[in-house]
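Residue numbers for the sequence shown follow numbering that gives the first Met the number 0, beginning at 0 and rising by one.
By construction, the Cβ of each residue, glycine as well, lies at the ideal position given by its N, Cα and C atoms.
These notes are about the structure you will find just below.
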Amino acid sequence: MTSEIDVSAIVPVAQRMQDIAELAEEYIAALDATGRSFEILFIIDGDKPAAFDSLREMAESDKRIRLVKFAKAFGEATAVSAGFRLSKGRVILTLPAYYQVEPESITSLIDDLDNCDMAIARRSPRSRKSTFEVFRRRLFHWLIKVSSGESFSDLGCAARAMRREVLDETPLYGEQHSFLPILASKQGFRVREVPLAQSTRDYFEGRYSAKSYLHRILDIFSVVFLVRFTKKPIRFFGMIGSITFLFGGLVLTYIVIQRLFFGVGLADRPALLVSSLLTVLGLQIFALGLLGELIIFTHAREIKEYTIEKIVN
């Protein structure tokens, strides 16, 4: 995609926002300092009249500001996705609607794209939080590393810069924008963490409910499945199905041997029912893997499994 705009900055204004007009001015000042042409898209997620009015006033005097308002609240992930589709720049910059990093430091992300395809912010040094928050953060990133093989230390930071090719080549849906660095890395793009100064006004860090933690864990499993098993579902379902079938079959064999050679009755033996169910369940799970393989084979021509960096001659 060709464009005369160098940088498209996307700011989803959702549930979490903070001094949005002041923050917008600081973002614009930082982008101005780069000397690049840019646009900044504010995606208003639902009815937020105060934020909308202040940003609309700014947009009327500065055409580089684009304002998009949803009819209702669809969530931050949807706002980010809409920003991706509406952006025009060769470089995409995602920014939070609240203070996570010092606004003047975001230019470091753009500059670092000379050495990589995607640059993500790592707040450093981090503000001191409770022992639980430190443990939660480390556990989250440890799970990411173990399950996906990718090592990142601050996926919770929304400040990121990437070449447009990253978006064009990396399929996304739902809440996966949070894990875009992992998906982009698996597509062969070079992803780097860039240390940025954490804002002294980062009041939202660590303010997540127990429901949010559960959603994050489920998202991790979703991303791991998509990264590792999308093109080979038989490896996932076949492994689980084989283990389930084998365990149920062994228990069932043991019960049958007891009945045939030792005269042990089958009445009132829950193990017989459980082992039979496990055996059937294992076959069904394995069949799901075969069905997935059939679907992948049918659509194989539509699936692109590689990313080209350059072609010579």
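{"Check": "Pairwise C-alpha distance: Leu40 and Ser86", "Outcome": "8 angstroms"}
{"Check": "Run of the beta strand (DSSP E) containing Met238, from where it starts to where it stops", "Outcome": "Run containing Met238: none in the beta strand (DSSP E); it sits in the alpha helix (DSSP H), 232-261."}
{"Check": "Three-pair Cβ contact test at 8 angstroms for the region 42-59 versus the region 119-130", "Outcome": "no"}
{"Check": "Residues sharing a beta bridge with Val67, DSSP", "Outcome": "Ile42"}
{"Check": "Cβ-Cβ distance between Glu149 and Ile181 below 8 angstroms", "Outcome": "yes"}
{"Check": "Pick from Ala196, Ser241, Ser177 that is closest to Leu108, judged by C-alpha positions", "Outcome": "Ala196"}
{"Check": "Span of the alpha helix (DSSP H), counted from its first residue to its last, around Ile53", "Outcome": "The sequence given here places Ser at residue 53; Ile does not occur at that position. Unbroken alpha helix (DSSP H) run through Ser53: 48-60."}
{"Check": "Proximity of Phe244 and Gly187 at Cβ, strictly below 8 angstroms", "Outcome": "no"}
{"Check": "Proximity below 8 angstroms, CB of Phe37 to CB of Val6", "Outcome": "yes"}
{"Check": "Simplified DSSP state of Gln99, which is helix, strand or coil", "Outcome": "coil"}
{"Check": "Coil, strand or helix - Pro11 by DSSP", "Outcome": "strand"}
{"Check": "Buried versus exposed call for Met16 [16 or more other C-beta atoms within 10 Å across all chains shown]", "Outcome": "buried"}
{"Check": "Whole-angstrom C-beta distance between Leu154 and His140, which should lie under 8 angstroms", "Outcome": "7 angstroms"}
{"Check": "Range covered by the beta strand (DSSP E) that runs through Ile119", "Outcome": "117-122"}
{"Check": "Ile233 beta carbon less than 8 angstroms from that of Ile284", "Outcome": "no"}
{"Check": "Contacting residues, own chain, Cβ-Cβ under 8 angstroms from Leu166 (five flanking each side not counted)", "Outcome": "Phe83, Ile91"}
{"Check": "Stretch-stretch touch, CB-based, cutoff 8 angstroms, three pairs: the region 267-276 with the region 218-238", "Outcome": "no"}
{"Check": "Own chain, CB closer than 8 angstroms to Phe73, minus 5 neighbours either side, in chain order", "Outcome": "Asp44, Gly45"}
{"Check": "Neighbour-count burial assignment, Pro48, 16 or more Cβ in a 10 Å radius", "Outcome": "exposed"}
{"Check": "Ser129 burial status per 10 Å Cβ neighbour count (16 or more: buried)", "Outcome": "exposed"}
{"Check": "Cβ neighbour criterion (16 or more within 10 Å) applied to Arg65", "Outcome": "buried"}
{"Check": "CA nearest to the CA of Leu22, picked from Val250, Phe246, Gln99", "Outcome": "Gln99"}
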